[in-house]
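Structure first, commentary second.
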């Protein structure tokens with residue numbers, strides 16, 4: 027995962043609506059839920075939920091928020 031400001035990390039999402047994020051100041055255990063065109067991700071208890079539209083790219087997905095790239099997911 028690469029964020030819009032160039033930070034590189036890892037995002038793993040599990041079917042039960044939980045996940046793991048690494049690469050920031052500390053590892054997070056986000057909660058997530060699908061939406062019709064993407065997903066909503068709540069990184070932690072004190073952090074707000076963020077919803078993005080997912081668009082398929084050549085080797086993964088791009089997360090768009092308000093028409094701008096928020097992150098890129100690649101394998």
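Residue numbers (this note's numbering): 27 to 101. All C-beta atoms in this analysis are idealised placements derived from N, C-alpha and C, irrespective of residue type, glycine included.
C-alpha distance - residue i paired with residue j, whole-angstrom precision
i: residue 58; j: residue 86; result: 18 Å
i: residue 73; j: residue 83; result: 28 Å
i: residue 44; j: residue 30; result: 23 Å
i: residue 71; j: residue 27; result: 21 Å
i: residue 47; j: residue 53; result: 6 Å
i: residue 78; j: residue 51; result: 22 Å
i: residue 92; j: residue 76; result: 11 Å
First through last residue of the beta strand (DSSP E) which encompasses residue i
i: residue 65; result: 64-68
i: residue 36; result: 36-39
Proximity winner among the options, relative to residue i (alpha-carbon distances)
i: residue 67; options: 49, 96, 34; result: 96
i: residue 94; options: 37, 81, 35; result: 81
i: residue 41; options: 56, 34, 89; result: 56
Residues that residue i bridges to, as DSSP identifies them
i: residue 75; result: Note: residue 75 sits in no beta bridge, so no partner.
i: residue 83; result: 86
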